[in-house]
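Chemist:
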Amino acid sequence: MSKLYEEYKKSYDIYSHLNGKCYLNVVGDLYERPEIQRMSEYEQHLEIDRLQHMTSVSYLSFLICRRLKLDYRSAARASIMHDMVFYDWRNPAEMWHRPHGYLHPKFAAENAKILTGGNFSEKEEKIILKHMFPLTVTVPSSREGLIVSLSDKYCATRELFYSLSKSYKKRFLKEIGRNV
Ligand SMILES: [Fe+2]
Ligand SMILES: [Fe+2]
Numbered sequence: 379m380s381k382l383y384e385e386y387k388k389s390y391d392i393y394s395h396l397n398g399k400c401y402l403n404v405v406g407d408l409y410e411r412p413e414i415q416r417m418s419e420y421e422q423h424l425e426i427d428r429l430q431h432m433t434s435v436s437y438l439s440f441l442i443c444r445r446l447k448l449d450y451r452s453a454a455r456a457s458i459m460h461d462m463v464f465y466d467w468r469n470p471a472e473m474w475h476r477p478h479g480y481l482h483p484k485f486a487a488e489n490a491k492i493l494t495g496g497n498f499s500e501k502e503e504k505i506i507l508k509h510m511f512p513l514t515v516t517v518p519s520s521r522e523g524l525i526v527s528l529s530d531k532y533c534a535t536r537e538l539f540y541s542l543s544k545s546y547k548k549r550f551l552k553e554i555g556r557n558v
């Protein structure tokens with residue numbers, strides 16, 4: 379578990395280490411697209427923006443799948459787009475995307491199809507569509523999908539801790555070498 383946390387921390391500076399470079403070899407063409415970079419403008423879990431969340435989930439999914447000799451490419455590529463929706467889900471003025479928790483996988487999969495120009499496998503689509511399990515009753519249909527779903531919960535939990543606990547945030551920032 380501590381090894382997972384060590385890697386999670388590295389997802390906050392993806393360009394600075396070897397595993398990050400291996401990861402970017404697989405997803406860099408998507409990661410650098412303005413549509414993905416724009417995700418930093420949206421709040422995901424309180425103080426953590428959507429780009430950072432998707433990067434953490436995708437990077438951990440990549441590493442776990444690579445370690446288990448699974449299809450790390452599909453896991454990493456699907457998960458860098460798994461929450462790619464272009465709205466603030468907390469905006470009370472907009473109702474069309476609610477309930478967000480249930481509907482956003484479908485919107486993200488549609489956006490992923492557009493972003494990739496259709497170069498998007500059925501497996502990748504299902505990883506995105508089913509990533510909200512167990513909130514939704516769509517059970518992941520591949521081992522890669524299950525790993526993405528679990529990574530999503532792991533990262534969301536850490537992001538909420540970061541946002542809600544001053545001592546956790548202070549320690550975390552110190553550990554990743556950022557100013558407190
Ligand atoms: Fe999501
Ligand atoms: Fe997510």
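Residue 528 in this note's numbering sits at position 150 of the sequence shown; the count goes up by one each step and never skips.
Backbone N, C-alpha and C fix where the C-beta goes; we use that ideal spot for every residue, glycine too.
For clarity, every value in this text was computed on a predicted model and none was experimentally measured.
Pick out whichever of I492, Y409, Y480 has its Cα sitting closest to the Cα of L513.
Modeler: On the sequence shown, position 135 is the one that residue 513 refers to. Of the candidates I492, Y409, Y480, the one whose C-alpha sits nearest the C-alpha of L513 is Y480.
Chemist: Beta-carbon within less than 6 Å of V463's beta-carbon, same chain only, minus the 5 sequence neighbours each way: which residues are those?
Modeler: The residue labelled residue 463 in the question sits at position 85 within the sequence shown. Contacts found: H482, F485, A486.
Chemist: Considering only residues of the same chain and omitting the five flanking positions on each side of S420, which have a CB-CB separation below 7 Å?
Modeler: Counting from one through the sequence shown, the residue named residue 420 turns up at place 42. Per the sequence presented here, residue 420 reads as Tyr, with Ser not at that position. The beta carbon of Y420 sits closer than 7 Å to the beta carbons of D427, R428, D466 from its chain, once the five residues preceding and following it are set aside; these are given in chain order.
Chemist: With DSSP as the reference, label E410 as helix, strand or coil.
Modeler: What you label residue 410 is simply residue 32 of the sequence shown in a count that begins at 1. If DSSP states are grouped into helix, strand and coil, E410 belongs with coil.
Chemist: From which residue to which residue does the alpha helix (DSSP H) around H460 run?
Modeler: As a position in the sequence shown, residue 460 is number 82, starting the count at 1. It is not in any alpha helix (DSSP H) - H460 carries neither H nor E in the DSSP assignment.
Chemist: Nearest-angstrom Cα distance between L396 and S434?
Modeler: In the sequence shown, residue 396 corresponds to position 18, counting from 1. In the sequence shown, residue 434 corresponds to position 56, counting from 1. If I take the Cα positions, the gap works out to 16 Å.
Chemist: Give me, in chain order, the residues of the same chain whose beta-carbon lies closer than 7 Å to that of E405; leave out the 5 immediate sequence neighbours on both sides.
Modeler: Along the sequence shown, read from residue 1 onward, the residue named residue 405 stands at position 27. Just to set this straight, residue 405 is Val in the shown sequence, not Glu. S436, A454, R455, I458, listed in sequence order.
Chemist: Looking at the structure shown, is H423 part of a helix, part of a strand, or coil, going by DSSP?
Modeler: Translated into the one-based positions of the sequence shown, residue 423 becomes position 45. Three-state DSSP puts H423 in a strand.
Chemist: Can you list, in chain order, the stretches of the alpha helix (DSSP H) that have 4 or more residues and sit fully within the region 460 to 498?
Modeler: 478 to 493
Chemist: Closer than 7 Å: is that where the CB of D449 sits relative to any heavy atom of ligand 1?
Modeler: Residue 449 sits at position 71 when you count from the first residue of the sequence shown. Every heavy atom of ligand 1 is 7 Å or more from the Cβ of D449, so no.
Chemist: Return yes when at least one heavy atom of ligand 2 lies under 7 Å from the C-beta of D466, else no.
Modeler: Counting from one through the sequence shown, the residue named residue 466 turns up at place 88. No - ligand 2 has no heavy atom lying nearer than 7 Å to the Cβ of D466.
Chemist: Is M510 a contact residue of ligand 1, with contact defined as CB to any heavy atom under 7 Å?
Modeler: Counted from its first residue, the sequence shown places residue 510 at position 132. Correct: M510 has its Cβ closer than 7 Å to ligand 1.
Chemist: Grouping DSSP H, G and I as helix and E and B as strand, with all else coil, what is Y437?
Modeler: Stepping through the sequence shown from its first residue, residue 437 is reached at position 59. The DSSP-derived three-state label of Y437 is helix.
Chemist: Any heavy atom of ligand 1 inside 7 Å of the beta-carbon of D530?
Modeler: Numbered from its first residue, the sequence shown carries residue 530 at position 152. Taking the Cβ of D530 as the reference point, at least one heavy atom of ligand 1 falls within a distance shorter than 7 Å.
Chemist: Please state whether DSSP places I554 in a helix, a strand or coil.
Modeler: Residue 554 sits at position 176 when you count from the first residue of the sequence shown. Looking at I554 - three-state DSSP - the assignment turns out to be coil, as it is neither helix nor strand.
Chemist: May I have the straight-line CA-CA distance separating E472 from H478, to the nearest angstrom?
Modeler: One-based indexing of the sequence shown puts residue 472 at position 94. One-based indexing of the sequence shown puts residue 478 at position 100. Roughly 11 Å separates the two Cα atoms.
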